[in-house]
Amino acid sequence: AHGKDKLREIDRKLARLTHEFSDNVLKDTNAYQLLVTDPKDVEGIPASALEDAAHTAEKKGHKGAWMFTLQFPSYHPFQQHCENAALREKMWRAYMGRGTSHQADNRPVLREIATLRHQRARLLGYPTHAHYVLEERMAQNPETVDKFLRDFNAAVLPAGRKDFEELRALKKELYPGGGDLKPWDTILLAEKLRQRKYDFSEEELRSYFPLESVIRGVFTVAEKLYGLEFKPRDDVPVYHPDVRVFDVLDARKEFLGLFYCDFFPRESKKSGAWMTSFRDQGTQFGKKVRPWVSIVGNFTKPTASQPSLLTMNEVKTLFHEFGHALHGLLSRCTYASLSGTNVFWDFVELPSQFMENFTGEKECLDLFASHYKTGEKMPKELIQKLKDARAFLAGLMGVRQTAFSLLDMAWHGRDPSGIEDTEAFEAQAVRDASFFPHIPGTSVSPGFSHIFAGGYSAGYYSYKWAEVLDADAFEYFREEGVFNRQVADRFRENVLERGGTEPPMELYKRFRGREPDPRALLRRDGLIQQTH
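With positions in the sequence shown counted from 1, the corresponding number in the working numbering is that position plus 765.
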């Protein structure tokens, strides 16, 4: 009984602390504003982002100025285009300092979270929190995850180093007196390098991705693959006027569930994007219960002069969350606790990341990518450039994701009670997957909500793990035709409908006819040659 009480107390504390962690990140995100009054300081920033910043400034009583915030639709274009390095550094430090301010310091909070998780694992008979979590994952133990991450890192590190040196050389060329490459230069230089290599800009792409078209596009993909239909509902109560609701019907016109979308930033809303289920599919008291599923994002709001336009990454994000939604909506299980996305955590990202693949296919882009002013379809030359650019900086991005995963495993694969200095501990944990020397006063952990306030503790590796699965799965579709109904039916019947009712590897093998080929991901990222 004492053990049970202790466990209850730990769980209660963790619920409070993870909420506090999330709250602190939100506080720091909302607290920071960069006010710019000199037009020279906003040179290079696209008109759409400036219009947004002018609107924000005016709302706060600074007419004629620009205000940039740490909300992604404001932060990202600023870092990508602002030529003033001092201001970029300021913004970067503020962003990297979320969760370290005096009024919202997450460092003691996260150490306590990690320590309590470790205590709970010991209480339940596991050596560490990672052992406790991974027992119910495809990976099964920390050793497998560690080997997976180190093998992947070894495969991408040479390409990552090459990407890094390319950005470094570009900085020397474009800014001869600007010193060595710094972390706040990478987004800016990556965009310049991409424009130089592939001759298109993020901004040019956005014109072809008005939010409404992308939503129609993702619905059409679901119709082509699975015969689904989405019908708007305006009689369902919503928690905010921005939220929209759709009935989802299958090919036989049978009701599958409700689909909610909530796409714009608000002060009370955390950043990022996610899918959530208000009601899971299942059978209750002999009655079939259909799911209510929601996807949430933080896309740029429409203005008087233009609709909400998405970047290529945001298009991928929408397709990604929609993949989670389909996992919930197409579920056919008896028990709600095993239905939809209630699967092993390193399997849950397969349906979502699988959907992202469609955003690089001409057959898919032809369905919805059209210019918001003229309605003309995205030219095939631009689509080809997009395809060519798909592996752009894949090495650098791969190393970055590995660093996040290694950091997660470092916090959760040991007894953390002796860790005093969060920053030093972090620098040590990611040293094999980092090209920049550590910059004092900055760290990822205090703002790393995924692992300290979300469900990804000892689970961040799942993104990469599932990428191996989704790259392999999509190769099957490419071989047979990206909208091949037979292959889609196999994916639906063996993966999307089954929830967590069987071991995920068995489900995957039934869909694919074999175990996943880990080289599929390296092929997709251009790190090894295509075989055909």
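All residues carry an ideal CB built from backbone N, CA and C; glycine is no exception. If you're wondering where the values come from, they're calculated on a predicted model, not measured in any experiment.
Where the alpha helix (DSSP H) through residue i begins and ends
i	result
W857	850-861
D916	907-939
K805	Per DSSP, K805 belongs to no alpha helix (DSSP H) and is neither H nor E.
T1076	No alpha helix (DSSP H) holds T1076; DSSP gives it neither H nor E.
T821	812-824
D776	767-796
T1187	1187-1194
F843	837-846
R971	967-971
Buried versus exposed call for residue i [16 or more other C-beta atoms within 10 Å across all chains shown]
i	result
N1078	exposed
A987	buried
Y1004	exposed
W1039	exposed
L889	exposed
S1227	buried
N765	Residue 765 is absent from the structure shown; the chain starts at 766 and stops at 1297.
E968	buried
H1092	buried
Q836	buried
A851	exposed
A1194	buried
Alpha-carbon to alpha-carbon, residue j and residue i
i	j	result
F1064	F1028	6 angstroms
L1026	R781	The amino acid at residue 1026 is misidentified as Leu; the sequence shows Cys. One C-alpha to the other measures close to 28 angstroms.
L993	T783	37 angstroms
F1043	F1024	10 angstroms
G1047	H1215	28 angstroms
F917	T1167	8 angstroms
S972	Y860	27 angstroms
A1134	K1229	28 angstroms
V1010	S1059	9 angstroms
Y840	T834	6 angstroms
K1052	K769	35 angstroms
K825	Y1241	52 angstroms
F1123	T909	30 angstroms
R872	E1032	24 angstroms
L1115	L1234	6 angstroms
A1285	Q1118	14 angstroms
E977	A1231	29 angstroms
A869	P1211	10 angstroms
E808	Q845	12 angstroms
R1017	R885	48 angstroms
I1293	F1217	35 angstroms
G1291	A1159	8 angstroms
T802	K1152	39 angstroms
N966	I775	The displayed chain sequence assigns Ser, not Asn, to residue 966. Going from the Cα of S966 to the Cα of I775 covers about 50 angstroms.
R887	V874	20 angstroms
L939	E823	34 angstroms
L1021	R858	46 angstroms
L1075	A1156	20 angstroms
S1102	G1265	8 angstroms
Which of helix, strand or coil DSSP assigns to residue i
i	result
P1181	helix
P997	strand
I1060	strand
K1052	strand
W1176	helix
F1084	helix
V1010	strand
P1281	coil
F1217	helix
P948	helix
G1105	coil
G992	coil
I1293	coil
P1211	helix
L1205	Going by the sequence as given, residue 1205 is Pro instead of Leu. Residue state, collapsed to three classes: coil.
L712	Outside the modelled stretch of the chain, which goes from 766 to 1297, sits residue 712, for which no answer is possible.
L1298	One cannot answer for residue 1298 here, as it falls past the ends of the chain, which runs 766 to 1297.
G1125	helix
G943	coil
Opening and closing residue of the beta strand (DSSP E) in which residue i lies
i	result
T951	T951 -> not in any beta strand (DSSP E); alpha helix (DSSP H) instead, spanning 951-963.
Y1025	1020-1027
R1289	First-last for R1289: 1284-1289, but that is the alpha helix (DSSP H), not the beta strand (DSSP E).
T834	831-834
R1044	1039-1044
Proximity test, residue i beta-carbon vs the ligand HEM heavy atom, cut-off 7 angstroms
i	result
F1084	Of ligands this structure carries none, so the ligand HEM is not represented either.
- Within the region 1219-1277, ranges of the beta strand (DSSP E) (whole runs, at least 3 residues): Entirely contained in the region 1219-1277, not one beta strand (DSSP E) run reaches 3 residues.
- Query: At which residue ranges does the region 861-909 contain complete alpha helix (DSSP H) runs of 4 or more residues, listed in the order of the chain?
  - Reply: DSSP runs (the alpha helix (DSSP H)) wholly in the region 861-909: 872-888, 894-899.
- Query: Can you list, in chain order, the stretches of the alpha helix (DSSP H) that have 4 or more residues and sit fully within the region 1130-1160?
  - Reply: List check, alpha helix (DSSP H) in window: 1145-1153.
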